[in-house]
């Protein structure tokens, strides 16, 4: 068995039929020349099912029914992992386009993982237009965070188009892969609550530093009249907040990454600032059209990685910060400046903390949010932020998988009661790819939101007199016929 860290238990505590806590990515590929998609996908399926399975993909919950207080994973022998369950094949009616792909992935993303098995699935999807196929992979957030998943994906990919090798991301062993016989935290006879409290007690000194930083943040906000300063839980009510159902809707877009870089460089901000501003402008437009735009700005919970360079561990290594989306600002360029100022404030406060305290800094407002959901209050009380926006770095070089050119990779997050919208970005092969995940019934405008994000990028380019930077409109994905 191996210990489940306290930070990872958060996602097990949040898990339910309505709030599955897996993260995923959707990657699309062009089949190598001379290999038709059905033949190539069948070959990939066979070889992926034969690939070794390493920790943590051999981990299974010891007590699925008591997941909120789970203390340990059982570690299965490799031969006990059912590859036919974990590696699957799906087909779209040909020629499949963006709409068909999004519908299928929305269904796959809505389904919780089987808690009695290792918490991951891989789906090969054939039937896309122009000899393309897709790979949808999902894994429970208790095993891997988004950056960890993308780093493992790099193991599958290569810069060599002639490399036909098939490498599975679940074959990568971690340096701390658990071995059977590890001790369950807190002792076998301790109660679940006692085990959790023991873990909390071990971090009290670090938590005190984070608590002082949080108090400083609140005091600074009260003393400041800068609308760019975002404070957890001090958010306007919005239709992107509330209880969620069991169905999800997925939308994707991708852009030439140079467009974001050019806007950021010209405006003197970061690419992440541009991403947040574009999302804020798109959300402002959607809510205004629905007649539900709040007077105060919506905020975004933004994960900031605390993972060390070269770290291949699977633990969740990030801290949450809260930033303004500038939805109360009509002018695109002024909104960008507001967002940049807000992110600067948040990063400065986080940067003043030691690494251990940085993780707990976000936990100070994440844990109350978790408690709301565990106690059944999620969606009825204010969450710490309105939406989540995450940006995961990828490789700038063209990548290949078994001879297939990677065309895009879209990270897909999870939503829960209180926060109905998750926007994630990932750069790859010269593109910036966005993945939008929302509650299907509460947010019927998700496709429009994705389209408006494209419009907002164009508005920023025009405001900065970058007409030449508008190389092409964003595409829903590269599988349209």
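Residue numbers (our numbering): 113 to 593. Where a beta carbon is used, it is the ideal one built from N, C-alpha and C, also for glycine.
Put residue i into one of helix, strand or coil per three-state DSSP.
i           : result
residue 410 : coil
residue 485 : helix
residue 529 : coil
residue 404 : coil
residue 548 : strand
residue 443 : coil
residue 542 : coil
residue 277 : coil
residue 490 : coil
residue 570 : helix
residue 478 : helix
residue 438 : coil
residue 208 : strand
residue 497 : coil
residue 355 : coil
residue 262 : helix
residue 343 : coil
residue 150 : helix
Rounded to whole angstroms, what's the CA-CA distance from residue i to residue j? Just pull it up for me.
i           : j           : result
residue 384 : residue 413 : 13 Å
residue 402 : residue 137 : 30 Å
residue 240 : residue 349 : 40 Å
residue 444 : residue 572 : 6 Å
residue 395 : residue 163 : 43 Å
residue 535 : residue 524 : 8 Å
residue 449 : residue 459 : 15 Å
residue 132 : residue 488 : 15 Å
residue 66  : residue 276 : As displayed, the chain neither begins before 113 nor continues past 593, which places residue 66 out of reach and without an answer.
residue 154 : residue 203 : 11 Å
residue 307 : residue 185 : Confidence at residue 307 is low in this model, with a pLDDT of 35, below 50, so the placement of that residue is unreliable and no value is reported for it.
residue 368 : residue 134 : 28 Å
residue 238 : residue 211 : 14 Å
residue 490 : residue 481 : 8 Å
residue 358 : residue 578 : 43 Å
residue 543 : residue 338 : 34 Å
residue 576 : residue 393 : 16 Å
residue 439 : residue 411 : 9 Å
residue 441 : residue 356 : 28 Å
residue 189 : residue 181 : 24 Å
residue 282 : residue 493 : 38 Å
residue 156 : residue 513 : 10 Å
residue 365 : residue 160 : 28 Å
residue 363 : residue 562 : 7 Å
residue 230 : residue 545 : 28 Å
For residue i, list the residues DSSP reports as bridge partners.
i           : result
residue 232 : 251
residue 377 : Bridge partners of residue 377: none, in fact.
residue 521 : 139
residue 238 : 203
residue 596 : The structure shown does not extend to residue 596, since the chain is modelled only from 113 through 593, so no value can be given for it.
residue 503 : 537
residue 639 : Outside the shown range of the chain (113 to 593) lies residue 639, about which nothing can therefore be said.
residue 185 : 114, 173
residue 513 : 516
residue 362 : 549
residue 244 : 142, 240
residue 368 : 543
residue 134 : 252
residue 450 : Bridge partners of residue 450: none, in fact.
residue 463 : Answer by DSSP bridge pairing: none, since residue 463 is not bridged.
residue 270 : 512
What do you get for residue i, buried or exposed, if any count of 16 or more other CB atoms within 10 angstroms of its CB means buried?
i           : result
residue 123 : buried
residue 271 : exposed
residue 126 : buried
residue 509 : exposed
residue 219 : exposed
residue 519 : buried
residue 198 : buried
residue 120 : buried
residue 233 : buried
residue 191 : exposed
residue 540 : buried
residue 205 : exposed
residue 342 : buried
residue 389 : buried
Could you check how far apart the C-beta atoms of residue i and residue j are, in whole angstroms? I think they sit under 8 Å.
i           : j           : result
residue 347 : residue 503 : So it is not a contact: roughly 21 Å between Cβ atoms.
residue 533 : residue 555 : 6 Å
residue 168 : residue 515 : Actually they do not touch by this definition, with Cβ atoms about 29 Å apart.
residue 223 : residue 361 : That pair is no contact at about 14 Å.
residue 538 : residue 485 : Rounded, the Cβ-Cβ distance is 26 Å, inconsistent with contact.
residue 140 : residue 280 : About 18 Å separates the two Cβ atoms, so there is no contact after all.
residue 453 : residue 340 : 4 Å
Should residue i be counted as a contact of the ligand ADP given a C-beta to heavy atom distance under 8 Å?
i           : result
residue 392 : No copy of the ligand ADP appears in this structure; indeed no ligand is present at all.
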